[in-house]
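Only one structure is covered here, and it is reproduced in the block below.
Residue numbers (the numbering used here): 58 to 205.
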């Protein structure tokens, strides 16, 4: 099934509304942020261990300060951050902050300086994240058959 431009229209979406994104992002509840990201497709909702193909469990990891996937097979013990392989990978920003940045980028209604103030990050961080978002958008536009 081919993706169409209509699938990218978030207007009227309750899951990606300003109120919903800000409530989750500002909740200080890392699990709520992770589950919301799973709900909207930014993070896998299920994961299989690459080593033994057993279903992985979502666990809190104190040493990395976030949630991770741990292999359900005790003998394996493989553990992978929920951020690995996602837009959140290798970022110093908290997931909630990145969610807000993604929302403001997608809404294209607020200037970068104001976005930085809203999110509590430097204007250069906003610019860096907007560049990342533009890169993802460019790749997707080249991949998907869309009418302009």
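Where is the CB? At the ideal position from N, CA and C, for every residue including glycine.
In terms of CA proximity to residue 116, 92 leads the group 98, 108, 110, 92.
Rounded to the nearest angstrom, the Cβ distance from residue 172 to residue 159 is 11 Å, too far for a contact under 8 Å. Every unbroken stretch of the beta strand (DSSP E) spanning 3 or more residues and falling wholly within the region 107-151 is given here in chain order: 113-118, 123-128, 136-138. In this structure, the beta-carbon distance from residue 139 to residue 100 falls below 7 Å.
With respect to the 7 Å criterion, residue 114 and residue 129 are classified as neighbours on the basis of their beta carbons. Inter-residue distance for residue 145 and residue 151 is about 8 Å (C-alpha atoms, whole angstroms).
A straight line joining the alpha-carbon of residue 164 with that of residue 108 spans about 40 Å.
Counting every other CB atom within 10 Å of its CB across the protein chains shown gives residue 125 a total of 16 or more, marking it as buried.
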